[in-house]
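**Q** Sequential numbering from 2 applies to the sequence shown in my numbering.
We treat Cβ as the ideally placed atom computed from N, Cα and C, and that holds for glycine.
One structure, as structure tokens, below. Some questions next.
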Amino acid sequence: MMIYTSFILSLLSLSIISFLIVRDMRCYRNLVFFNPFFWASIYIAFYLILPSFFVTEINYYFDWRLSEDSILYSSILICFYSFYISIFYYLYPSSFRFNIEFHDVSCSRIVQVLWLVILVYLLYVLYLNITSFDAKAAFSYAGEEKDVFKLKNLAYFLIPITVFVFFKYKSTLIFIPVVIISILDLLNGSRTIAFIAIIPIFICYSFHRKSLFIIPGLIAVSLLLLLGVLRTDNVVGGVPWYLSAIGEFRETYITLPLFIANDDYVHGGSIFHLLSAIGAGVLFIFRGQISETYVFAGKFIAEDVDRGYGLASNIIIESAYYGYAGLIFTLLAFPLLLYVTRSLIMRSPLINAIVFSSITVIILRLVFREGLYLSLGALLLIGLFYLFPVFLLNKVRWRKHC
Numbered sequence: 002m003m004i005y006t007s008f009i010l011s012l013l014s015l016s017i018i019s020f021l022i023v024r025d026m027r028c029y030r031n032l033v034f035f036n037p038f039f040w041a042s043i044y045i046a047f048y049l050i051l052p053s054f055f056v057t058e059i060n061y062y063f064d065w066r067l068s069e070d071s072i073l074y075s076s077i078l079i080c081f082y083s084f085y086i087s088i089f090y091y092l093y094p095s096s097f098r099f100n101i102e103f104h105d106v107s108c109s110r111i112v113q114v115l116w117l118v119i120l121v122y123l124l125y126v127l128y129l130n131i132t133s134f135d136a137k138a139a140f141s142y143a144g145e146e147k148d149v150f151k152l153k154n155l156a157y158f159l160i161p162i163t164v165f166v167f168f169k170y171k172s173t174l175i176f177i178p179v180v181i182i183s184i185l186d187l188l189n190g191s192r193t194i195a196f197i198a199i200i201p202i203f204i205c206y207s208f209h210r211k212s213l214f215i216i217p218g219l220i221a222v223s224l225l226l227l228l229g230v231l232r233t234d235n236v237v238g239g240v241p242w243y244l245s246a247i248g249e250f251r252e253t254y255i256t257l258p259l260f261i262a263n264d265d266y267v268h269g270g271s272i273f274h275l276l277s278a279i280g281a282g283v284l285f286i287f288r289g290q291i292s293e294t295y296v297f298a299g300k301f302i303a304e305d306v307d308r309g310y311g312l313a314s315n316i317i318i319e320s321a322y323y324g325y326a327g328l329i330f331t332l333l334a335f336p337l338l339l340y341v342t343r344s345l346i347m348r349s350p351l352i353n354a355i356v357f358s359s360i361t362v363i364i365l366r367l368v369f370r371e372g373l374y375l376s377l378g379a380l381l382l383i384g385l386f387y388l389f390p391v392f393l394l395n396k397v398r399w400r401k402h403c
């Protein structure tokens, strides 16, 4: 009976979220990409609601031994969360009005030189990867991939550079460096860096062409899901293809019913753990010492599960690590953070709004995959060390405006 109740709650959650997403897209088309509530709703649908429909099969094939009570509690929380976010989404749709035309875009020569230097470096890295390509590595999962060439750093650094230079020249050739980064990431069997690189392309081009690009977007998502299917067999064999296809979403969701009733996990973190999780991003030099002093939610889950491969956390279960009071506070406060972000984007010049929207999409994915507080730390890190320097360099002029 509890399983059927859980299914009904998941169906209700999906119906509410889907209605608001479709309504917003019909009214405002490509402007939805600037709205944090749109992206939060998308992530709720994929990372929490979608896998909840398959919880019985996930439980069986991966032998999680979930109790019906835990499954029901998880569905109730997801339904409440979906409804709560939906209220804000209904009140604050994607009704953006930007008053800056493309010919007003400012792009300094130093930013253009940086784009060229990064392109040359990435072409060199691409050459090295092609000459030493290992097809087995591209279709297997062996834990966390090593970023030898610092592609993730470059992907973040390229977000503002790509936006500035693209709207200066309005040419798709400007996207060559981010396409190379995506190819390199996929060649190494990963998808995370490719996602970071693709988002600015998607938002820039959709706004420039005033189109939603639904078909290309679905094709890109399908290809990434296909890679997930091809990479799953070396983790757990004999799993149906559709469970493999939702692998990232499945692993993110499953930690909720696994730990929501775990007394050792709930209340395991203190306010000092929370503050350290936020500070770990900016204080990356001391990240090793911080992680040794404080066990964060994700690390607790990984050590407790101990199956030889990573499990993602999510915003709901991460907040429960700080007690039920922390769970309630996080779930209630998160839409307020989305509202502040939406206000910032709405009041920003067009080009800045595109940069901020790209970062918002990337950070929100981290929020739903890893939790809110570590993601806030990552946001501070990206803002201080990747966005701010480029914005500052874009103010530099040599002889005249470019």
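Output yes or no for whether 8 Å exceeds the beta carbon distance between T59 and I255.
**A** On the sequence shown, position 58 is the one that residue 59 refers to. On the sequence shown, position 254 is the one that residue 255 refers to. The question names Thr, but residue 59 is Ile in the sequence shown. Closer than 8 Å, so yes.
**Q** Can we say the region 145 to 163 touches the region 82 to 90, given the rule of at least three CB pairs closer than 8 Å?
**A** no
**Q** If the criterion is Cβ atoms closer than 8 Å, does the pair R370 and P37 meet it?
**A** For the purposes of this step, residue 370 is taken as residue 369 along the sequence shown, with counting starting at 1. For the purposes of this step, residue 37 is taken as residue 36 along the sequence shown, with counting starting at 1. Their beta carbons are not under 8 Å apart, which means R370 does not touch P37 by this criterion.
**Q** State the Cα-Cα distance for the pair Y62 and V240, rounded to the nearest angstrom.
**A** Stepping through the sequence shown from its first residue, residue 62 is reached at position 61. Stepping through the sequence shown from its first residue, residue 240 is reached at position 239. Computed Cα separation, rounded: 6 Å.
**Q** Quick check on the burial criterion: 16 or more other C-beta atoms within 10 angstroms. Buried or exposed for I50?
**A** Residue numbering aside, residue 50 sits at position 49 when the sequence shown is read from its first letter. It is buried - the Cβ of I50 has at least 16 other Cβ atoms within 10 Å.
**Q** Report the residue from F47, V56 and F39 whose alpha carbon sits nearest the alpha carbon of S7.
**A** Sequence index remark: in the sequence shown, residue 7 carries index 6 (1-based). Residue V56 is the option with its Cα nearest to S7.
**Q** Quick one: any contact between the region 375 to 390 and the region 279 to 291, if contact means 3 or more CB pairs under 8 Å?
**A** yes
**Q** Residue range of the alpha helix (DSSP H) that W242 falls in?
**A** Residue mapping note: residue 242 aligns to position 241 of the sequence shown, counting from 1. Run containing W242: W242 to A246, per the alpha helix (DSSP H) assignment.
**Q** Find out if the Cβ-Cβ distance for the pair V112, L385 is shorter than 8 Å.
**A** Within the sequence shown, the letter at position 111 stands for residue 112. Within the sequence shown, the letter at position 384 stands for residue 385. No, the Cβ-Cβ distance between V112 and L385 is not below 8 Å.
**Q** Please give me, in chain order, every unbroken run of the alpha helix (DSSP H) with length at least 4 that falls completely inside the region 295 to 378.
**A** 298 to 306, 316 to 321, 324 to 348 and 351 to 371
**Q** Report yes if the CB atom of Y323 is closer than 8 Å to the CB atom of L275, and no otherwise.
**A** The residue labelled residue 323 in the question sits at position 322 within the sequence shown. The residue labelled residue 275 in the question sits at position 274 within the sequence shown. Yes. Within cutoff.
**Q** Return the CA-CA distance between S207 and L213, expressed in angstroms with no decimal places.
**A** As a first step, residue 207 is located in the sequence shown; it is residue number 206 there, counting from the start. As a first step, residue 213 is located in the sequence shown; it is residue number 212 there, counting from the start. Rounded to whole angstroms, S207 to L213 spans 6 Å at the Cα level.
**Q** Under 8 Å Cβ to Cβ from S349, same chain only, skipping five residues before and after it: list those, please.
**A** Along the sequence shown, one-based indexing puts residue 349 at 348. Closer than 8 Å at the Cβ level, and outside the excluded window around S349, lie F357.
**Q** Can you list, in chain order, the residues of its chain whose CB lies under 8 Å from that of C108, leaving out five sequence neighbours each side?
**A** Taking the first residue of the sequence shown as position 1, residue 108 is located at position 107. Correct list, in chain order: F165, V166, F168, K169, N395 and C403.
**Q** Does the beta-carbon of S16 have 16 or more other beta-carbons within 10 angstroms, so that it is buried, or is it exposed?
**A** On the sequence shown, position 15 is the one that residue 16 refers to. S16 should be labelled exposed.
**Q** So, with DSSP's three-state summary, where would you put Y62?
**A** Within the sequence shown, residue 62 is the residue found at index 61, counting from 1. Three-state result, Y62: helix.
**Q** What is the rounded straight-line gap between the Cα of V362 and the Cα of V23?
**A** Numbered from 1 along the sequence shown, position 361 holds the residue referred to as residue 362. Numbered from 1 along the sequence shown, position 22 holds the residue referred to as residue 23. Approximately 18 Å between the Cα atoms of the pair.
**Q** Looking at C-alpha atoms only, which residue of R27, K211 and F39 is the closest neighbour of L365?
**A** Position 364 of the sequence shown, counted from the first residue, corresponds to residue 365. Here the closest residue by C-alpha is F39.
**Q** Kindly indicate which residue of M3, Y48, L10 and A41 has the alpha-carbon position closest to the one of I247.
**A** If you number the sequence shown from 1, residue 247 lands on position 246. Considering only alpha carbons, the answer is Y48.
**Q** From the DSSP output, in three-state form, read off C80 for me.
**A** Walking along the sequence shown from the start, residue 80 turns up at place 79. The answer is helix: DSSP assigns C80 an H, G or I state.
**Q** Is I412 helix, strand or coil by DSSP?
**A** This structure does not reach residue 412, given that the chain is present from 2 up to 403, and the question cannot be answered.
**Q** Less than 7 Å between C-beta atoms, sequence neighbours within five positions excluded: which residues of the same chain meet that for F35?
**A** To locate residue 35, count along the sequence shown from 1; it is residue 34. The residues are S95, F97, I346, A354 and S358.
**Q** My assumption, with CB atoms under 8 Å, is that S133 sits in contact with P258. Please give the rounded CB distance.
**A** Here residue 133 corresponds to residue number 132 of the sequence shown, with the count starting at 1. Here residue 258 corresponds to residue number 257 of the sequence shown, with the count starting at 1. In fact, because the Cβ distance is near 42 Å, the residues do not count as touching under 8 Å.
**Q** Kindly indicate which residue of L337, I261 and M3 has the alpha-carbon position closest to the one of N315.
**A** The residue you call residue 315 lines up with position 314 of the sequence shown. Among L337, I261 and M3, the Cα nearest to that of N315 is on I261.
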